[in-house]
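Numbering (our numbering), first residue to last: 465 to 623.
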């Protein structure tokens, strides 16, 4: 039997077809939206998915300021961070992160609330940090990625 003809072909970073996807976050729940976006960033919706290769798409999220959180999570949910110094544990809420995203000094496409939510849904290694760079989140309906012709998808119909 010729075993050389049965080799499995794994895609590499050069052979992957990457697209641009546009998602409208109006009236979406933050965690449910981010879990779907994480699948798109990883490339799990593609037949050529490989766990150790960056095979996902670039995602542009617009209208991020119209996102919803269920219950009293705007004020009751806490995100912890640690500065590395004694007594350096910091606590912030989603309401504070949303207010921080409206600051004009924040880099375009950088949304602290979405990045906080997405970071926990991606791998905790170099690949996860690279995938997080493929996410671009904007508070309003305008974005600077029109030249890439992003394909608009309805996140409620993505499996």
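Ideal Cβ placement from N, Cα and C applies to all residues, glycine included. As the structure is a computational prediction, the values presented were derived from the model and not from experiment.
- Here residue 524 is not near residue 476, since their CB atoms are 9 Å or more apart.
- In the structure shown, the three-state DSSP call for residue 482 is coil.
- In this structure residue 595 does not touch residue 580 by the C-beta definition: roughly 15 Å separates them, more than the 8 Å allowed.
- In the displayed model, residue 512 falls within coil according to three-state DSSP, outside both helix and strand.
- Counting only residues of its own chain and dropping the five nearest sequence neighbours on each side, residue 480 has a CB closer than 8 Å to the CB of 507, 512, 517, 518, 519.
- With fewer than 16 neighbouring CB atoms inside 10 Å of its own CB, residue 605 falls in the exposed class.
- Annotated three-state conformation of residue 488 is strand, per DSSP.
- Per the C-alpha coordinates, the member of 612, 583, 589 positioned closest to residue 499 is 583.
- Within the DSSP secondary-structure output, residue 599 pairs in a beta bridge with 523.
- Inter-residue distance for residue 542 and residue 478 is about 40 Å (C-alpha atoms, whole angstroms).
- Residue 473 carries a coil assignment under DSSP once its states are collapsed to helix, strand and coil.
- Between the beta-carbon of residue 609 and that of residue 484 there is about 6 Å, and that keeps the pair under the 8 Å contact cut.
- Apart from the 5 residues on each side of it in sequence, residue 490 sits with its Cβ closer than 6 Å to the Cβ of 527, 530 in its chain, given in chain order.
- For the 9 Å CB-CB criterion, residue 497 and residue 619 form a contact.
- By a beta-carbon distance limit of 8 Å, residue 538 contacts residue 557. Their separation comes to about 7 Å.
- Assignment of residue 594 by DSSP, reduced to helix, strand and coil, places it in the helix class.
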